[in-house]
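Counting from 1 along the sequence shown, just add 243 to a position and that's the residue number in the numbering used here.
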Amino acid sequence: MCIFCKIVNKEIPSNLVLEDDDFYAFHDINPKAPVHILVIPKVHVDSFNEISSELMGKMTPFIQRVATHVGIEKSGYRVITNIGDDGGQEVKHLHFHVLGGAKLTWSHFTDADPKDYL
Ligand code: 5GP
Ligand code: ZN
244 MCIFCKIVNK EIPSNLVLED DDFYAFHDIN PKAPVHILVI PKVHVDSFNE ISSELMGKMT
304 PFIQRVATHV GIEKSGYRVI TNIGDDGGQE VKHLHFHVLG GAKLTWSHFT DADPKDYL
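Next comes the structure, spelled out in structure tokens:
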């Protein structure tokens, strides 16, 4: 069983933000912003590549609820999902990073010159 499935099953402790029948939101253990929450489906889905439109259709309003719940829906926030090796996905259970609580820059992502990739 993967690490995030174990978190859903409470075999590994986590700092819960919000949950419903389908989704679980908890604080990232290594936050990259004042607010850094991970939102995951309770069923194991490897990545964004595999999620059904039906589950994604439910996940969108849940992520919006999470943002409202922690009070960043007006100040703004960023939603990111990393996919596969080039996307930098370390945990192979689909998760959306919800980042906020400060004015975010692209500096996390732009250490390299984009021209390097052309
Ligand atoms: P990825 O790099 O796969 O997009 O993001 C994985 C995220 O999961 C990282 O931000 C990392 O800090 C977080 N993470 C990994 N293991 C745990 C854990 O056991 N508990 C919590 N709360 N976060 C975790
Ligand atoms: Zn899993």
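The beta carbon of each residue, even a glycine, is placed where N, CA and C say it ideally should be.
Here the structure is a predicted model, which means the values were calculated and not measured.
{"Check": "Selected residue, minimal CA-CA separation from Lys285, among Asp328, Lys317, Val322, Phe269", "Outcome": "Phe269"}
{"Check": "Local conformation of Ala276 per DSSP, three classes", "Outcome": "coil"}
{"Check": "Any non-hydrogen atom of the ligand ZN closer than 8 Å to Met244 Cβ", "Outcome": "yes"}
{"Check": "The region 307-323 in contact with the region 334-349 per 3-pair CB rule at 8 Å", "Outcome": "yes"}
{"Check": "The ligand ZN heavy atom lying under 8 Å from the CB of Phe247", "Outcome": "yes"}
{"Check": "Between the CA atoms of Val282 and Val288 - distance to the nearest angstrom", "Outcome": "12 Å"}
{"Check": "Boundaries of the beta strand (DSSP E) in which His340 is found, first to last residue", "Outcome": "339-343"}
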